[in-house]
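Visitor:
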Amino acid sequence: MNRKEILEKYKKEEEILLISKVLDKICFVKEKNKVMTTDFLDPYEQTIVEKELRHLKIAEYLFFGGYKEAERKILILYPEKLRDLFQNEKWKPNNYLHVLRISLPKALEGVYKHRDYLGGIMKLGVKREKIGDILVGEEGADIIILPEIENYLQYNVPELTRFQKAKMEIELIENIRESNIKTEVFEIQVASMRNDCVVAELMHTSRKKACEVIKSGRVFINFIPEVKEAKEIKEQDRITIRGKGRFCIKAWVRNTKSGRDVLKIEKYV
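Mapped onto my numbering, the consecutive letters of the sequence shown carry residue numbers -17 to 251.
#1: Which residues in the same chain have their Cβ closer than 6 Å to the Cβ of C179, if we skip the five residues on either side of it in sequence?
#2: Go through its chain and collect everything with a Cβ distance to N76's Cβ below 7 Å, but skip five positions before and after it.
#3: Alpha carbon to alpha carbon, how far is N70 from K197? Give it in angstroms, no decimals.
#4: Contact defined as beta carbons within less than 8 Å: I believe R(-15) pairs with L0. What is the distance between those atoms, to the nearest angstrom?
#5: Would you call F229 buried or exposed, if buried means 16 or more other Cβ atoms sit within 10 Å of its Cβ?
#6: The ligand NAP and E121: does any heavy atom of the ligand fall closer than 7 Å to the residue's C-beta?
#7: My output table needs one value for G241: the three-state DSSP class, helix, strand or coil.
#8: Do K210 and N237 have their C-beta atoms closer together than 8 Å?
#9: Under a Cβ-count criterion, where at least 16 other Cβ atoms within 10 Å of its own Cβ denotes burial, should K80 be classed as buried or exposed?
#10: Threshold first: 3 residues or longer. Then list the beta strand (DSSP E) segments lying entirely within the segment 95 to 139, N to C.
#11: Label R83 either buried or exposed according to how many other C-beta atoms from any shown protein chain fall within 10 Å of its C-beta, with 16 as the threshold for buried.
#12: Does the separation of the CB atoms of T222 and F205 fall below 8 Å?
#13: Rank E51, E27 and P61 by C-alpha distance to the C-alpha of I40 and give the top, closest one.
#14: Specify the secondary structure class of S85 as computed by DSSP and reduced to three states.
#15: Straight-line CA distance for V139 to A212?
#16: Going by CA-CA distance only, name the one from K(-7), I116, T165 and M175 that's closest to E214.
#17: From what residue to what residue does the alpha helix (DSSP H) around V11 run?
#18: Evaluate T143 with the Cβ neighbour count: other Cβ atoms within 10 Å of its Cβ, from every protein chain shown; 16 or more gives buried, anything less gives exposed.
#19: Could you give the distance in angstroms between the alpha-carbon of R65 and the alpha-carbon of E130?
#20: Below 7 Å CB to CB, which residues in the same chain sit around I58 once its five sequence neighbours on both sides are set aside?
#21: With distances taken Cα to Cα, identify the nearest neighbour of K164 among D243, E13 and G227.
#22: Give me the Cα-Cα distance between E194 and R200, rounded to the nearest whole angstrom.
#23: Compare the C-alpha of F308 against each of G101, I116 and A182 and name the closest.
#24: Below 8 Å on the Cβ atoms is my guess for E120 versus G92; work out the distance and round it to an integer in Å.
#25: Could you give the residue range of the alpha helix (DSSP H) that holds Q281?
#26: In whole angstroms, give me the CA-to-CA distance for E169 and V235.
#27: Span of the alpha helix (DSSP H) holding K(-9)?
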C-alpha cells in the first residue's frame, strides 16, 4: 500500500484527511489484529471511503449506523480472524454505538425539531462526527452516539435550558425507536427541474439567492456536493441544504396550466 500514491488522487483537503485517517486504521488493524472504528461518516464520505477500500481490495469492513435506514454511519474495520464473526452477524452492535434518549415533559411534546436537538448538543462543544442520526418524535428523540461521549452528554445535556425538564437515558442501540423518524409531506411548484429552481422553492427564497447558496457549497444532491445551478433534479433525489434541512423529491405530480412542474416533497424534520 503506497500511501503517497493513494492520497495524491484526492484534491480536497477534507478528503485527504479522511482517507489518511482510514489508512492509519487499516495499518493498525493489520499490525495489532484488533478492530478499529471511525467517527460517524455522512453518506458522501462513506462513498469515498468504500471506493478506496474496494480499490485496495479490503473486504473486512462494514458500515454501521444503528438501524437499517441510517444515513450517518461509522466504519468498522476488523482483522481476517474475525471475518466469520462479522459477516455472520455474530458481533455485538452495542459495543460500538449507544442511544441517548431524551424524553420531553408533556408541555414540550412536539415542540422541538431535529435542529433543536443537534444545535443543543453541538452547543456543548461536541463535534458533529461524534453524533449519528437523530430520530425525532413527539415525545422526544433518540440520538445515536459513540459510547465515548455518553457520560458527558448524559450529565451536560440537562444543563441546556431547553432540556432542563427532560429525562435523559442511555439505551442500547438495539432498543432504538425507529418509529421516531418524522417527516412532513407537501407540494411545491417550480418553473423547471433545475437545481436553482428547486432549491429556491425549498428555501422560500429568490432564484438569485438560491444560486448563491448553491455556489457556496451548501447544497448536496444524493449526499454529493453540487455547485451547478443547472443540474437537473429527478424523482427520488435527496437534497440537503445546510442550515435549511433535508428533502426528498418523492414524485413529479403534474404540470400546471402555466407550465410549471408540481413536485411532491418529503422533508425530514
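Beta carbons: idealized from backbone N, C-alpha and C, even for Gly.
Guide: To lay it out plainly:
#1: Within the same chain, C179 has close Cβ partners V172 and A173.
#2: For N76, where only same-chain residues beyond five positions count, the Cβ hits under 7 Å are L154, I155 and E156.
#3: Their backbone Cα atoms lie some 45 Å apart in a straight line.
#4: Between L0 and R(-15) the Cβ distance is about 14 Å, and since that is not below 8 Å, they are no contact.
#5: F229 should be labelled buried.
#6: Looking for the ligand NAP in the displayed structure turns up nothing, as the structure carries no ligands at all.
#7: Three-state result, G241: coil.
#8: Contact flag unset, no.
#9: Checking the displayed sequence, the identity of residue 80 turns out to be His instead of Lys. Using a 10 angstroms sphere on the CB of H80, the tally of other CB atoms reaches 16 or more, which defines it as buried.
#10: Correct list: 113 to 119 and 122 to 127.
#11: A buried status is given to R83, since no fewer than 16 other beta-carbon atoms sit within 10 Å of its beta-carbon.
#12: It is a contact, given that the beta carbons lie within the stated cut-off.
#13: Ranked by how close their Cα comes to the Cα of I40, the residues E51, E27 and P61 have P61 in first place.
#14: S85 sits in a strand when the DSSP states are folded into three classes.
#15: Looking at the two C-alpha atoms, the distance is approximately 43 Å.
#16: In this structure, M175 is the residue among K(-7), I116, T165 and M175 with its C-alpha nearest to the C-alpha of E214.
#17: Looking at the DSSP string, the run of the alpha helix (DSSP H) that includes V11 is E(-5) to K14.
#18: Exposed.
#19: One C-alpha to the other measures close to 25 Å.
#20: These residues qualify, in order along the chain: V17, T19, Y43, L44, F46 and Y78.
#21: The option with the nearest alpha carbon to K164 is G227.
#22: Their Cα atoms are separated by approximately 9 Å.
#23: An answer regarding residue 308 cannot be provided, because it is not within the stretch -17 to 251 covered by the chain.
#24: The pair is a contact, with the Cβ atoms about 5 Å apart (cut-off 8 Å).
#25: The displayed coordinates of the chain run from -17 to 251. Any statement about residue 281 would go beyond what the structure contains.
#26: Approximately 9 Å between the Cα atoms of the pair.
#27: Judged by DSSP secondary structure, K(-9) falls outside any alpha helix (DSSP H); it is assigned neither H nor E.
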